[in-house]
Each structure stands twice: as C-alpha cells, then as structure tokens.
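Protein chains: 2
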Amino acid sequence: MTKQRPTIADVAREAGVSKGLVSFALNDRPGVSAASRARILKVASELGWRPSLRARSLSTDRAFALGLVIARDPEIISADPFFPAFIAGIEKALAPAGQVLVLSMVPDEAAEAASYRQLAESGRVDGVIITDLRREDERFALIAELGLAAVTLGRPDIDTLVPSISLDDASGIHAAVNHLVELGHRRIAHVAGPYRMLHARRRSASFSDALAHHGLPDDLVVETDFTASDGARATRELLGLSDRPTAIVYANDPMAIAGMGVAQRRGLTVPRDLSITGFDGSEVGAFIHPALTTVTTNAGEWGQRAAELLLRVIAREDVADIDLAPASLLLRESTAPPQA
Amino acid sequence: MTKQRPTIADVAREAGVSKGLVSFALNDRPGVSAASRARILKVASELGWRPSLRARSLSTDRAFALGLVIARDPEIISADPFFPAFIAGIEKALAPAGQVLVLSMVPDEAAEAASYRQLAESGRVDGVIITDLRREDERFALIAELGLAAVTLGRPDIDTLVPSISLDDASGIHAAVNHLVELGHRRIAHVAGPYRMLHARRRSASFSDALAHHGLPDDLVVETDFTASDGARATRELLGLSDRPTAIVYANDPMAIAGMGVAQRRGLTVPRDLSITGFDGSEVGAFIHPALTTVTTNAGEWGQRAAELLLRVIAREDVADIDLAPASLLLRESTAPPQA
DNA sequence: AGGTTCTCTTAAACCGGTTCAGGTGAGCGT
DNA sequence: ACGCTCACCTGAACCGGTTTAAGAGAACCT
C-alpha cells in the first residue's frame, strides 16, 4: 500500500521503451530520437521519477559527496569563527549540484588519518577539502594512496598535483603592521599560531617581513596553539618583558580577545596602553570594549569556491590554482598611537 | 592492473562456497556450519575483503549515515560554541559504528525544509537529529512525510513519537538567578533568545519562575535573535531604563560578552555596577576581563548520546526519552553584590 | 537491387551486496 | 529399509541504475 517510488523500469514500461533508452534520455545523451526523448521525459515527470542515488552510486562508482575532516580540539573550533562560515559556503556550492558534505570532526591528527581512510575506503566521498595545511603534510601521501580527489586551502610547501585555493593573508598582516607603524608603534609583537600549520607560519613570516620593511626587529613573536588560553599565556609573557610591546598582532580573534582581557586585568587600557589587532573577524569582536580591529577573510566565499573547485577536479575538468581577494584590515577601536 | 578490491564473489570462489553463504557467514547469521564459517572468515580476511557500502546500501535500502541540518545565519553559529562541541560528540558515537554525519548548514528555515527533503529523498541519511526546536515545529510533519527517523534535542511542545534527549537548562538559569539574588540583586533582567525557539522560551520561563520564587517581578525580559549584535541592542535598552537592572542573565555567551562591552562603553564597571551571566560556557569567556560567569552544558555528551539514541531508533530498538545531567553554573568574575 | 552507413532501439550484463525458495544429505525413529 | 526432520547450502532473483554489443530500419549511394 505504501506508495513506492517509481523506478526507471516503470518509466520504461509506461513510455513503451527499454530501460536503457530511458537512462540515455534522462542523462541527455545522444542516440535518442527527439520524439522518444520528449515522451520519456514527460512520463518521468508525470510519474514523479527521481533517480536513486544508491543505484547510481553503485553502478557509477561515485559517492556524490565531499568530505571535510577537521582535526582540532573542539575547544579551539568552538571559539574560531572560521569553520561555520566556511562550511556554509561549501553548502552553497554543493546543494545546487545535488551533492552533500560529510563532516568529520576529530580531536587529533592520529584520528584524522583514520578518518580520511574510512571515508575513502567505504567510498563515502569522491574528494576532500584539506584545511589547516601542515609542513610537509603527510596527508598528500595518504590522499594519493587512497585515490581521493582533493583541493587544499592555501598553497602547500611541497610539490603536488592537488590544486589549491588561496586567500592571501599576508597582505592583511602587512596592513595591520603598517597601520600600527603609522600610528607610531616601534615595539610590535606577534602572537602566532602553531608553526606546524602553514598558514600560522605564513602569517608569522608576513609579520616579520612587514617589520623588516620598516627596519624594525621581529624579536617579539610567541608561538601558540591557537586557543584563547594559550593566547592569554603568550600575552602575559609579552607584557612581562622589561621592554614590553606597545602593540600586539594576534593570529586569530579569540586569542586577541583573551589578550585584551589579560592587558585589562593588568590595569592597562586598550588601546591607550596597548594596541591590539585580531584575525578572522568574529562578530563578537565588534561588540567588546574596545571593539577589536581585525583582519577579515571571506570564509564563506573560500568554502564555496573550494567546493566548486573540488567538484571540477572530480569531474576531471582542467583546473588551475585559484587566488581569492586578499584579507583586509577592518579598523575598529583597539588600536591607537602609543603613549608618549 | 589496478588492484581491485575483492568482492563477495571472490571470497565465495576462494572458499569454495556460494555467494549467499558468504553473506550469511559475514553477517553472523545462523545456518552456516562452524567449519564453513571459519573458512569463509579466514579467506575474507586473507583477501582483505571489506564490504561495499554502496552495494549494501542499495540492497538493504539504508544509508548508514545521519543528518544534521542547521538553520542559522553563519554569523550566529560562528559565535556560538555549542555546535562544534556537539558535532564532535556526534562523531564520537558514529565512527565506531561505521556511520557518518552529513551536515547541512543553511541560512534560513525555507532552505531548511528543502534540505531535509533532499537528504531524505535522495536517501542520503537514515535519520536526522533535530536541533533548535521551535513552537509547534513543522518539522515533525515533514519528518513523518519523508519517513525519516529522528530524535530531538529537548522535549517538543507537541505530541510526537520522535524520542527526545534533553538537558535541563532550567536549573542552570535557576542557579544563576539564585546566585544573583543571594548577592543582593533585586532588579534582574534577562536577554532571551528568539521565542520561536523552544529552548529560548524555556530559559525565559525558568528565569521568570526563579524570580517569582523570590517574589520578584520579571518585567525586564528582552527577546533577541541570539546574535551578539542583538544582545548589544537589548543591553542598551535595558541600561537606558530609569530603573535599570543591576544584573543581566543572558541566553548565550556571545550576547553576554557583547552586553559587557556595552556596559563598559557606558562607563559601567562589571561586576561592580552590573553583574552579568552567560550561557553555554565558551572558552573565551574565561579570558575576558572580568571573566564571564556562565551556565555550562555538556554539548559533547549531548551530541554523542543523541547520535547513539538515533542509531537505536533506526535499528528499531525500543528507546525512551533521555535526560542528561542538568546545566550548572560556572562562577567566575562577572557577578558581585550590587552597589549599595 | 544490393550494399553501406547511420540513427534509433533493445536485451542483457554489470555494479556488489542480500534474501529466499528449494535442494541435498546426514541422522533419526520405527 | 523407509520416510521424516533438520541443518546446511546453492542458485537465482533482486535492489535501481549504467553501459555495451548487437539488431532493426531507414536513407543514401552506385
């Protein structure tokens, strides 16, 4: 009694043709007369036929799904505004294509490899988006072994056929440093992400570059694990120096906000006694006091374009690396000239 | 030349039995002699056989995947620490079961229904976890129409066969209010989430309850959309009142942090001039100045248990509603006795 | 008229599992 | 020695698509 979904065989019978021809017609393939094609399409729509993804999956050996494996402690992701916007962007590209995102959030890098392996071996996904690229990232070998298609966020540091889609964060960091130097700062510090991660390292390098460009030393760089907690620790270290910085450039917003808390706790007034810039533009940053000056990246577009690129890779189209509009500085209230 | 994955037919041939028997043996079904079973398992493992999810999917009409549709503006999710921890929890339950999470993040409720529909009609998932329950939520009808299994986070306000898994947030709100009353506050406000959402409404009701219990009026409740921006707006409204509150209970952390910013911007000192409590325990909250007193919920456990419950529903096991340990108040620095 | 070519179409195999009706043979009772 | 039961096993159908080899006609050529 339950109304079964019509299959291709039902359409064939109703249209008076064979299964094969229906398949051809529905896939816009040549070798079907205009009359037959029209009739088949008409019958299919009348019957409300919709392809069975499972059957198609089995016969064409594709999953029609993309994978995203995030290997970070949930604590860190919770605070980081990047991923939700990024994932929403992916969705925007996937939905119209009838594809879907399989998300795997694992706590560490050991579980990460197992996760990629499971996704690939069970044929859950046709390709993956690789984020948080690391130095000589072992995932390239893994991807190759598993025969997965892939794209990376940011250019890797090793030779690979995997295309990348990059968002130049260097210019955002440059803009932040330039802004601070123009305000008169000479002792500028950087609270960096883990050097294991390429983008953290790249931001750090941009920072040093920018300082060098102004003839300033880059002796005030502290590495962290990206958590607010570690950002606070780094800030305490920096502010404890005899020749403490008058401005700090943070590698993400949660650390910047935590750093601001540390400064205020010491009785410093931001930005009068200490200027602060963040990275990645979270919504809350606009509402704290003082509002956080930060470098904004368009995470949503990054996600959407990355997914589109990956779909093209999977379809075996020719693709080239993509560069998105660079990150830009969003001036708010947390920077000011240093105290005389 | 490419090393093909062995199929059940390879195992059958190698073990000298039929395909059917191999299937029985591998699924631990009766009707296979001990000797055959042992031989089949041995051959299967020697050949490195792994079941094809796609074939299994087609023949058993299951997806071996769960769906989660999140319908919120990315801006809001970005700030909200709940979902990442929640998703990580889901993953913890799914990975051992060989299942996978299909995540769909859409901007609004119109796209939400389309998303559920697509997941169900394409057979991507066997069930969904329904979050952000709304008043007389139309998703129950949708789920029923689509024939999807489901569980809900929190008890719905209508009769349904869908089991729920709840985390009592009322007692967290009660604890916050009691704490403030004990400190001496009499004018206590609540910045609530959108009443459309049951949990926002429930938190708001708990707030009123708690106040009534102390014989205090609940005239200071402002509804918001959960964004930091709207939390700031609500705070401005409350602080603009002639008889302004001395304490504000917020329905989430981003709004509490934004509210703190608004207060400080007006020259108020938190907690001396205004006490503030948040909800959901974000990491940054611990590092701002003053550190945010908040109600913590175990989002990770909630996710894990919800996924486990849904798997049991899908397996047609008998299940009952689940109640998790209630939310509890995490005392930090943002509350103090009101100024005399 | 016969052969070639081309377009349209069909039937059947295939993807890799699950399931079910029926067959085989050993063991049992009498 | 005969029938019965039961455990074990096989063969084939099935899930719903895709793909390919081959066939049927029509059109075109000489």
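Protein sequence lines, in the order shown, are assigned to chains A and B. Here our numbering is used: position 259 in the first sequence is 259, and no number is missing along the way. Here our numbering is used: position 171 in the second sequence is 171, and no number is missing along the way. Note that the Cβ used here is the ideal one computed from N, Cα and C, for glycine as well.
Close Cβ partners of residue i (< 6 Å) along its chain, the five nearest in sequence each way excluded
i: B/G67; result: V102, L119, V125, V128
i: A/H199; result: G154
i: A/D235; result: Inspection of the sequence shows that residue 235 of chain A is occupied by Thr rather than by Asp. The residues are G259, V262.
i: A/D323; result: S166
i: A/F64; result: Q99
i: A/P337; result: L183, G184
i: B/V106; result: A71, E112, S115
i: B/D132; result: M197
i: B/A170; result: S206
i: B/L26; result: none
i: A/D230; result: T224
i: A/A93; result: Q304, A307, E308
Close Cβ partners of residue i (< 8 Å) along its chain, the five nearest in sequence each way excluded
i: B/V162; result: I130, F140, I143, A150, V151, T152, P156
i: A/T2; result: The predicted model places A/T2 with a pLDDT of 49, which falls under 50 and marks its position as unreliable, so this point remains unresolved.
i: B/D321; result: R155, P163, S164, I165, S166
i: B/E283; result: P81
i: A/K19; result: I8, A9, A12
i: B/Q4; result: none
i: B/P74; result: M105, P107
i: A/W302; result: F86, G89, L153, I165, L167, L324
i: A/P271; result: P290, E333, S334, T335, A336
i: A/L216; result: V181, R186, I188
Residue burial classification, residue i (beta-carbon count within 10 angstroms, cutoff 16)
i: B/G31; result: exposed
i: A/L241; result: exposed
i: B/I276; result: buried
i: A/G281; result: buried
i: A/Q339; result: exposed
i: A/A228; result: buried
i: A/D219; result: exposed
i: A/E46; result: exposed
i: A/N252; result: buried
i: B/T60; result: exposed
i: B/R29; result: exposed
i: B/S57; result: buried
i: A/G172; result: buried
i: A/R233; result: buried
i: A/D137; result: buried
i: A/P254; result: buried
Cβ-based neighbour list, residue i, same chain, cut-off 7 Å, excluding 5 preceding and 5 following
i: B/H174; result: S206, A210
i: B/L268; result: L274
i: A/F83; result: I70, I77
i: B/V181; result: H214
i: B/P6; result: L47, G48, W49
Residues that residue i bridges to, as DSSP identifies them
i: A/G303; result: Answer by DSSP bridge pairing: none, since A/G303 is not bridged.
i: B/T293; result: B/T277
i: B/Y250; result: B/V191
i: B/I129; result: B/L68, B/V151
i: A/D323; result: A/S166
i: B/L103; result: A/L101, B/L68
i: B/L329; result: B/V295
i: A/R134; result: A/M197
i: B/E223; result: B/A192
Quiz item: Is there contact here, the region 239-255 of chain A with the region 184-200 of chain A, by at least three beta-carbon pairs under 8 Å?
Solution: yes
Quiz prompt | Inter-stretch contact (C-beta, 8 Å, three-pair minimum) for the region 286-305 of chain A and the region 256-269 of chain B | solution = yes
Quiz prompt | Where the region 67-81 of chain B meets chain A: residues whose CB sits under 7 Å from a CB there | solution = P74, E75, I77, S78, A79, P81
Exercise. Would you check if the region 295-313 of chain B and the region 323-330 of chain B touch, i.e. whether three or more CB-CB distances between them fall below 8 Å?
Key: yes
Quiz item: Which residues, taken in chain order from the region 287-314 of chain A, show a beta carbon closer than 7 Å to some beta carbon of chain B?
Solution: F287, I288, H289, G300
Quiz item: So, do the region 84-91 of chain A and the region 32-41 of chain A have three or more beta carbon pairs nearer to each other than 8 Å?
Solution: no
Practice problem: Could you list the residues in the region 198-229 of chain A with a C-beta less than 8 Å from some C-beta on chain B, going in chain order? | Solution: T227, A228, S229
Practice problem: Inspect the CB distances between the region 20-30 of chain B and the region 307-314 of chain A and report whether three or more fall short of 8 Å. | Solution: no
Practice problem: Would you list, in chain order, the members of the region 319-334 of chain A that have their beta-carbon closer than 9 Å to a beta-carbon of chain B? | Solution: Nothing from the region 319-334 of chain A brings a Cβ to less than 9 Å from some Cβ of chain B.
Quiz item: For the region 99-111 of chain A, which residues have a CB atom closer than 9 Å to at least one CB atom of chain B, in sequence order?
Solution: V100, L101, V102, L103, S104, M105, V106, P107, A111
Practice problem: Check each residue of the region 141-165 of chain B: if its Cβ is closer than 7 Å to any Cβ of chain A, include it; give the result in chain order. | Solution: none
Practice problem: Give the residues from the region 244-255 of chain A that approach chain B closer than 8 Å (Cβ to any Cβ), ordered along the chain. | Solution: Those would be P254, in chain order.
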